[in-house]
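Remember, our numbering sits 87 above the position in the sequence shown when you count from 1.
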Amino acid sequence: MRIASRTMMLATLAVALAIGFSQAQSASSISIEKPFSRATPGGSQVGVGYMAIINTGSIADRLVSASSPAAGKVQIHEMAMQNGVMKMRELPDGLPIEAGKTVSLAPGGNHLMGPP
Ligand SMILES: [Cu+2]
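Okay, here's the thing in structure tokens:
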């Protein structure tokens, strides 16, 4: 039962996210495709969300926030090598979404995590 509810929470994290962007582009310039999450092992309280963010507009944008009813707080994280070790860190200024580009949040790379 606990696993089922955890899985449900993670699924909610992925599909019920409210995300904020910095530019006031028309809503049709930014879209989200293939949001998903995975069950976390061993009673972990942390969920991770992945997706593709597509900017079809002519103005660079930035993912600046995310929230979910399944988590008190959601952070935008990147994965980066530090002293030969892959580590994640929060992107306090958000994630750039260049004009005409797709940015993938995927396992081993950028992701949303909550609660941190
Ligand atoms: Cu993370």
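Glycine included, every Cβ here is placed at the ideal spot set by N, Cα and C.
Opening and closing residue of the beta strand (DSSP E) in which residue i lies
i    : result
G134 : 134 to 142
I146 : No beta strand (DSSP E) contains I146, which DSSP labels as neither H nor E.
R176 : 172 to 177
A158 : 158 to 169
For residue j and residue i, the rounded distance between their alpha carbons
i    : j    : result
E120 : L199 : 14 Å
S109 : G129 : 36 Å
G181 : A193 : 16 Å
G134 : G144 : 30 Å
S155 : P183 : 21 Å
Buried/exposed call for residue i, threshold 16 Cβ in 10 Å
i    : result
G201 : buried
Cβ pair residue i, residue j closer than 9 Å
i    : j    : result
A147 : E185 : yes
Heavy atom of ligand 2 within 8 Å of residue i beta-carbon
i    : result
A193 : In the structure on display, ligand 2 does not appear, and the ligands it does have are ligand 1.
Any residue with its C-beta under 6 Å from a non-hydrogen atom of ligand 1 counts. Can you list them all in chain order? H164, M175, H198, M200
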